[in-house]
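Each residue of the sequence shown is one higher than the one before, counting from 1 in my numbering. No residue lacks a Cβ here, since even glycine has one placed at the ideal position from N, Cα and C. To start, the structure under review is shown below, and the notes come after it.
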Amino acid sequence: MNLFAPPDARLTLRVLAKLLAYPDAELRAHLGELREALRAERALSLARRSELEALIDRLAATPALEAEAAYVELFDRGRSTSLHLFEHVHGDSRDRGPAMIDLIRTYEEAGLLFGPDELPDHLCVLLEFASTLAPRAAREFLAETAHLLVKVFSALLGRGSPYASALGAVIELAGEKAQAVPLASEPALDEAWEEPAAFDGCSTQGQARPGTPQPVQIVRQSPQTHQTQGAHA
């Protein structure tokens, strides 16, 4: 980790939270302000700011329905690019619930309150929270998630997505280097969410003959739906 004093990046963190949110009409109406905030604070390198401005230009130029559909396809239809960070740690296990509760308590102690549709582990919420902290505390908080952010960053790079620049910026504000890492291949969406047929006789992954050991197959039953994100002070 970089031990030098981190820059004051409060505005930049909020800009990144907005850029990684669902690109609705309200967001697109304020893209110019987001650009000016990045330029004014200069918490990121010129090269990274240029990439983010290219993302802003792309969002501004893309028709609304196309931008929204692309966002859902990218972030809501696959685990490797999910912005819900606990998805990369706990998946659908029981450990996710207690981790969520602990994170909510951390936010509430800092005075942040949640709406009914907001999930605490979404990256946009973490960024909003980090923007309320002193620079060093914000860097330390983000650094705790850097190993997860690098995975999402790598997955976005692999898809050639301009959103990778936003993840790269978060990683750098965490004091880490934004570089791609190898990722395990992700199953196709239909395969990942497929529910096995009951008493199917089992394939090579199941029981080939009665009386032989059969591995347990855990599958998801329904796709993740889009959640509206954000945090309110």
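Using DSSP's beta-bridge definition, name the partner residues of residue i.
i      : result
Leu127 : In DSSP, Leu127 forms no bridge with anything.
His122 : His84
Leu46  : None, per the DSSP bridge assignment.
Leu148 : Bridge partners of Leu148: none, in fact.
Among the residues of its own chain, which have a CB less than 6 angstroms from the CB of residue i, if the five just before and after it don't count?
i      : result
Ala138 : Ala130
Leu13  : Leu127, Ala130 and Ser131
Glu172 : Ala178
Tyr163 : Leu156
Glu109 : none
Gly111 : none
In chain order, what residues of the same chain have a beta carbon less than 8 angstroms from the beta carbon of residue i, not counting five sequence neighbours either side?
i      : result
Leu183 : Ser80, Lys151, Ser154, Ala155 and Gly158
Arg28  : Leu59, Ala60, Ala64 and Ala67
Report buried or exposed for residue i, applying the criterion of at least 16 other Cβ atoms within 10 angstroms of its Cβ.
i      : result
Lys18  : buried
Arg39  : exposed
Leu271 : Since the first residue of the chain shown is 1 and the last is 233, residue 271 is not available in this structure.
Ile56  : buried
His122 : buried
Val181 : exposed
Glu36  : exposed
Pro6   : buried
Glu118 : buried
I need the straight-line Cα distance from residue i to residue j, nearest angstrom please.
i      : j      : result
Val72  : Asp8   : 32 angstroms
Ala69  : Phe141 : 31 angstroms
Arg136 : Glu144 : 13 angstroms
Ser82  : Pro120 : 14 angstroms
Gly206 : Gly175 : Confidence at Gly206 is low in this model, with a pLDDT of 41, below 50, so the placement of that residue should be treated as unreliable; the coordinate-derived value is given next. Gly206 and Gly175: Cα-Cα distance of roughly 46 angstroms.
Ser50  : Ala61  : 16 angstroms
Arg105 : Ala146 : 21 angstroms
Glu33  : Leu46  : 18 angstroms
Leu103 : Ser161 : 29 angstroms
Glu26  : Leu133 : 26 angstroms
Ile101 : Cys124 : 17 angstroms
In its own chain, which residues sit with a C-beta less than 7 angstroms from the C-beta of residue i, not counting the 5 before and 5 after it?
i      : result
Leu167 : Leu149, Val152, Phe153 and Leu156
Ala169 : Leu16, Leu44, Arg48 and Leu52
Validate contact between the region 42–57 and the region 22–29 using beta carbons, cut 8 angstroms, 3 pairs: no
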